[in-house]
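Visitor:
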Amino acid sequence: MLAELFRNLRGLGRVPARRWRGTLGVAGWALVSGFIIPPQAATPATAATSLPAPADGQLTPNSRRAYAEVLKLRLGPARELLRLELASTPTAPAPLLVANCADFVELVVSQDARRFSELEEAQEARLAALDKAPASALRDYARAEITLHLGLSQLLFQHLVMGGYHLRSGYHQMQNVVQRYPAFAPARKTLGVCEFAVGSLPEGYHWLLRLLGFTANVDTGLKNLALAAAQPNDFQTESQIYQSLIRESYYKKPEDCLRLTERLVAQQPDNLLFAYLMMSVSKRQHNGEAALAAYRARPTGAGYLPVPYLHHMAADLLLYKGDYAASERENLAFLRDFKGLHYRKDAAFKLYLAAWLGGQPVVSVGRYREQINRPGPSDVEEDNYAQHYYHEAQALNPILTRARLQCDGGYNQQALITLRSFRVSPTMLWRDRIEEPYRRARAFQGLGRLDSAWFYFERTQTVAGPKAPYYFAPQAALQQGYMAQNVGKNAQARFYFEKALRYPWHEYKNSTDAKAKLALRELR
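Once you know that position 117 of the sequence shown is 117 in my numbering, the rest is easy, because the numbers rise by one and skip nothing.
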C-alpha cells in the first residue's frame, strides 16, 4: 500500500490545481519516508559517492527488531516490543521514532478517520518528548521525520492548515539535519525523496510549493537518495526500494525493481509489505499471473495489519484475466473492509465492467455504474478516471475494453485475437477509431514486436490528428520516445517526447507531460 501511494504521486498532475487539497492528502506522504538490497546500479544523475564515516545514531537492538515487524506490517507485535523500552526511556529517540512509524503506517493504510485524533495526539506527544532529549543525529532526525508524518497525517484527513504547517516545518528540519550531520544517511533518504517528489511535481503546483516554502531539485534528490542507498544504515532498505521504484515508475527501467522485490520476498516470505511490492510491481509491468501468484502466496494471520486494498488490486488482476465473478467478489470485499474514501469510485467502475463484460442483468450493471457517482473524492488517478467516464456518458466499446484489460494483465496475444473482431462503422465514435490502433500498438509492444508497435503508434497519431481530446495519441508519442531512447536514438526520442508535450488537454495531460519532461531531462 505504501508503494502504491508513492506511485500515486504521478497522478497528482491529473488534478487541477484548485483540487490540490485532497490529492495531497492521499499521495503527499511520499514527500517523506515510508516503510519500505545491495544498491542498484545508478544512472549518471544518481551516481553515489561514499559518505564519510556515519554519524553516531543507530536504532537500539530492541527498536530495530520492532522496526522489522513494522516492515512486515505486523504492528501489534512491533508495539508490544516497544512497550517496555518506551516506559523505561520515555525520551529516547529510537523507540519514539519506530512507534510513530507504526502509527503512521496504520493511518496511511487504513485511512480510518476514527483513529486519527488518537494517533495525532500520540505523534504530538512524541515530539514533546523528543524536545526533552539531548540533541543528536538520531534525535533531530526522529523529530523531523515525526513532524513530517504528523503533517501528512493531517493532510490525509483534510486538516489543511496544520498539515501544511507541519509539512513545511518537517521539510526544513530535515534539510537542517543533513547540513548538521552530513554523514547521517537516513536523513539523506528522507530529504532525497522529498526533493525528488517536490521537484517532479507539475508546474500547476509550483504556486503551492512556493507558498509552503519548498525548493527542490530532482537531480539533487536522486543524489541524496543514492547516497542513502549505498551507505549501510538502519533505513537502507527503504532507500534502496525508493531508488528502484523511481527508476521503474518514472524512468521506465523496471529491471532493478523486479530483481529487488524478488529477492526481498525470497528472503522474508513472512513480510506482507514485500509481498505487496511484488504484486504491485508485477501488476504495473503487466505480468498479471506473477501478481496473482504474489497475492495468493502473501502471508496472512493474526498480527498483520489488514490491507483491504490488496483485494482491490486482486480484483483488477482477475478482471484482466476475464474471471469476472472472482473480480466482483474481491472488489466487494474491498468496499466492505476499507475504512477510507479513496478508490471507491474505481472499485465501482471495475464492478460495472465485471458485471457488463460478464453478462449480468442490466439492473445489476446499472446499479454498479450509478455507484461511481456516489459522493466522495476523485483525487487519485483511478477515481478521477472513473468519474470522468461517468460524466462523459459515452458507451464503452466491448471489444476495445476487453482488449485493453487483457493488455493491462499482459495477455497480449489474447488481446490481438480479441481485436480481430473490431470493425469500423460510420456511426463509430471518434474516440474508438483512435483507440483501436493504440490497443494494437500496446499489445505488440508487450509481445516485443516493436516494429509493429511503432507502426500502430504512428497510426494512432494520424487518426487522432493534433487536437483530439483523448490520451491515446500523446501516450503513443511518449511510448515512441521511450522506444527510441532505449536503442540510443536520442534525437528521435527528443522529437517524440516534445511531440507528447504539444498535445492539448486530455485526461492525463499533466502526468504525461511530467513523464516527458523527466525523460527530456535525462537526455541532456
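Quick reminder that beta carbons are idealized off the backbone N, C-alpha and C, glycines included.
The structure presented is a predicted model; accordingly, all values stated were derived computationally and were not measured.
From this set, R402, N397, P398 and I372, which residue's C-alpha is nearest H388's C-alpha?
Guide: Your numbering for residue 388 matches position 388 in the sequence shown. Taking only the C-alpha atoms, the option nearest H388 is I372.
Visitor: Under 8 Å by Cβ, that's how I've got N224 and G192 pegged, so tell me the actual separation to the nearest angstrom.
Guide: One-based indexing of the sequence shown puts residue 224 at position 224. One-based indexing of the sequence shown puts residue 192 at position 192. Correct: roughly 3 Å between the Cβ atoms.
Visitor: Can you have a look at M428 and say buried or exposed, based on whether 16 or more other CB atoms are within 10 angstroms of its CB?
Guide: Working through the sequence shown from its first residue, we reach residue 428 at position 428. Exposed, because fewer than 16 other Cβ atoms sit within 10 Å of the Cβ of M428.
Visitor: Can you tell me the Cα-Cα spacing of V307 and S110, whole angstroms?
Guide: Indexing the sequence shown from 1 puts residue 307 at position 307. Indexing the sequence shown from 1 puts residue 110 at position 110. Roughly 7 Å separates the two Cα atoms.
Visitor: Under DSSP, the alpha helix (DSSP H) around D131 begins and ends at which residues?
Guide: In the sequence shown, the residue the question calls residue 131 occupies position 131. Looking at the DSSP string, the run of the alpha helix (DSSP H) that includes D131 is F116 to D131.
Visitor: Look at the alpha carbon of S88 and the alpha carbon of L272, and state the distance between them as a whole number of angstroms.
Guide: Position 88 of the sequence shown, counted from the first residue, corresponds to residue 88. Position 272 of the sequence shown, counted from the first residue, corresponds to residue 272. Roughly 30 Å separates the two Cα atoms.
Visitor: Quick one: what's got a C-beta closer than 6 Å to E262's C-beta in the same chain, skipping five residues either side?
Guide: As a working note, residue 262 is residue 262 in the sequence shown. Counting only Cβ-Cβ distances below 6 Å, and skipping sequence neighbours, we find nothing.
Visitor: Note down, in chain order, each residue of its chain lying with its Cβ closer than 6 Å to the Cβ of A137, except the 5 sequence neighbours on either side.
Guide: Position 137 of the sequence shown, counting from 1, holds the residue named residue 137. Excluding residues within five positions, the ones whose Cβ falls inside 6 Å are A55, G57, Y181 and F184.
Visitor: Classify T460 as buried or exposed, calling it buried when 16 or more other Cβ atoms lie within 10 Å of its own Cβ.
Guide: Here residue 460 refers to the residue found at position 460 of the sequence shown. With 16 or more Cβ atoms within 10 Å of its Cβ, T460 is classed as buried.
Visitor: Return helix, strand or coil for R21, following the three-state DSSP convention.
Guide: Sequence index remark: in the sequence shown, residue 21 carries index 21 (1-based). Unreliable positioning characterises R21 in this predicted model, as indicated by a pLDDT of 29, which lies under 50. The coordinate reading is nonetheless provided below. Helix at R21.
Visitor: Kindly indicate which residue of D219, P269 and K339 has the alpha-carbon position closest to the one of R524.
Guide: Within the sequence shown, the letter at position 524 stands for residue 524. Of the listed residues, the one whose Cα sits closest to R524 is D219.
Visitor: On a CA-only basis, which of Y304, A386, P134 and L107 is nearest Q154? Give me that one, please.
Guide: Residue 154 sits at position 154 when you count from the first residue of the sequence shown. For Q154, the nearest C-alpha among the options comes from L107.
Visitor: Below 8 Å, can you find three or more Cβ-Cβ pairs linking the region 227-244 to the region 206-218?
Guide: The answer is no - the region 206-218 does not touch the region 227-244, with fewer than three Cβ pairs under 8 Å.
Visitor: Does DSSP put T43 in a helix, a strand or coil?
Guide: If you number the sequence shown from 1, residue 43 lands on position 43. With a pLDDT of only 37 at T43, under the threshold of 50, the placement of this residue in the model should not be trusted; the figure read from the coordinates follows. T43: coil per DSSP, three-state reduction.
Visitor: Compute the Euclidean distance between the alpha carbons of T237 and P426, then round it to the nearest angstrom.
Guide: Working through the sequence shown from its first residue, we reach residue 237 at position 237. Working through the sequence shown from its first residue, we reach residue 426 at position 426. If you take the alpha carbons of T237 and P426, they lie about 56 Å apart.
Visitor: Using the Cβ count rule (16 or more neighbours within 10 Å means buried), how would you classify Q445?
Guide: The residue labelled residue 445 in the question sits at position 445 within the sequence shown. It is buried - the Cβ of Q445 has at least 16 other Cβ atoms within 10 Å.
Visitor: Cα separation between Y503 and Y251?
Guide: Translated into the one-based positions of the sequence shown, residue 503 becomes position 503. Translated into the one-based positions of the sequence shown, residue 251 becomes position 251. Rounded to the nearest angstrom, the two C-alpha atoms are 21 Å apart.
Visitor: Is the Cβ-Cβ distance between T147 and Q179 less than 8 Å?
Guide: Start at 1 with the first residue of the sequence shown, and residue 147 comes out as number 147. Start at 1 with the first residue of the sequence shown, and residue 179 comes out as number 179. No, the Cβ-Cβ distance between T147 and Q179 is not below 8 Å.
Visitor: Enumerate in chain order the residues of its own chain whose CB-to-CB distance from D550 is below 7 Å, with the five nearest sequence positions on each side excluded.
Guide: What is shown of the chain runs 1 to 524, which leaves residue 550 out entirely.
Visitor: For L59 versus D256, is the C-beta distance shorter than 8 Å?
Guide: Within the sequence shown, the letter at position 59 stands for residue 59. Within the sequence shown, the letter at position 256 stands for residue 256. No.
Visitor: Out of R439, D408, L150 and Y470, state which residue places its alpha-carbon closest to the alpha-carbon of A315.
Guide: Here residue 315 is taken as the residue at index 315 of the sequence shown, counted from 1. The option with the nearest alpha carbon to A315 is D408.
Visitor: If you draw a straight line from the alpha carbon of A187 to that of Y390, how long is it in whole angstroms?
Guide: Within the sequence shown, numbered from 1, the residue matching residue 187 stands at position 187. Within the sequence shown, numbered from 1, the residue matching residue 390 stands at position 390. Distance between the alpha carbons of A187 and Y390: 44 Å.
Visitor: Where does S511 fall in DSSP's three states?
Guide: For the purposes of this step, residue 511 is taken as the residue at position 511 of the sequence shown. Reduced to three states, the DSSP call for S511 is helix.
Visitor: Which of the three DSSP states, helix, strand or coil, is assigned to N224?
Guide: For the purposes of this step, residue 224 is taken as the residue at position 224 of the sequence shown. Helix at N224.
Visitor: Any contact of the region 335-351 with the region 430-440, i.e. 3+ C-beta pairs under 8 Å?
Guide: The region 335-351 vs the region 430-440: no contact.
Visitor: Looking only at C-alpha atoms, which of K467, E522, N510 and Y471 sits nearest to A493?
Guide: Along the sequence shown, read from residue 1 onward, the residue named residue 493 stands at position 493. The residue with the shortest Cα to Cα distance from A493 is E522.
Visitor: Please report the distance separating the alpha-carbon of Y411 from that of G376.
Guide: Sequence index remark: in the sequence shown, residue 411 carries index 411 (1-based). Sequence index remark: in the sequence shown, residue 376 carries index 376 (1-based). Answer to the nearest angstrom: the Cα atoms are 33 Å apart.
Visitor: What residues in its chain sit with their C-beta under 7 Å from that of H506, if we drop five residues either side in the sequence?
Guide: Reading the sequence shown from its first residue, position 506 is the one you call residue 506. Here the set comprises P469, Y470, Y471 and P474.
Visitor: By the DSSP assignment, the alpha helix (DSSP H) with A183 in it spans what residues?
Guide: On the sequence shown, residue 183 is found 183 positions in, with the first residue counted as 1. Run containing A183: none; DSSP gives neither H nor E here.
Visitor: Expressed to the nearest angstrom, what Euclidean distance is found between the alpha-carbon atoms of G303 and A99?
Guide: As a working mapping, residue 303 is identified with position 303 in the sequence shown. As a working mapping, residue 99 is identified with position 99 in the sequence shown. Answer to the nearest angstrom: the Cα atoms are 16 Å apart.
Visitor: Starting from the C-beta of L167, find all residues in its chain whose C-beta is less than 6 Å away, skip the five residues before and the five after it, and write them out in chain order.
Guide: Reading the sequence shown from its first residue, position 167 is the one you call residue 167. Closer than 6 Å at the Cβ level, and outside the excluded window around L167, lie G151.
Visitor: What's the C-alpha gap between K509 and N384?
Guide: Stepping through the sequence shown from its first residue, residue 509 is reached at position 509. Stepping through the sequence shown from its first residue, residue 384 is reached at position 384. One C-alpha to the other measures close to 13 Å.
Visitor: Please report the distance separating the alpha-carbon of E382 from that of L341.
Guide: Along the sequence shown, one-based indexing puts residue 382 at 382. Along the sequence shown, one-based indexing puts residue 341 at 341. If I take the Cα positions, the gap works out to 13 Å.
Visitor: Which residues mark the beginning and the end of the alpha helix (DSSP H) in which M98 is found?
Guide: Sequence index remark: in the sequence shown, residue 98 carries index 98 (1-based). What sits at residue 98 in the sequence shown is Val, not Met. Looking at the DSSP string, the run of the alpha helix (DSSP H) that includes V98 is P93 to S110.
Visitor: Can you look up G358 in the DSSP assignment and give me helix, strand or coil?
Guide: The sequence position of residue 358 within the sequence shown is 358, counting from 1. Coil at G358, not helix or strand.
Visitor: With a cut-off of 8 Å on the beta carbons, I'd call A491 and A516 a contact; round off their distance for me.
Guide: Here residue 491 is taken as the residue at index 491 of the sequence shown, counted from 1. Here residue 516 is taken as the residue at index 516 of the sequence shown, counted from 1. With 8 Å as the limit, A491 and A516 do not qualify as a contact, their Cβ atoms being about 15 Å apart.
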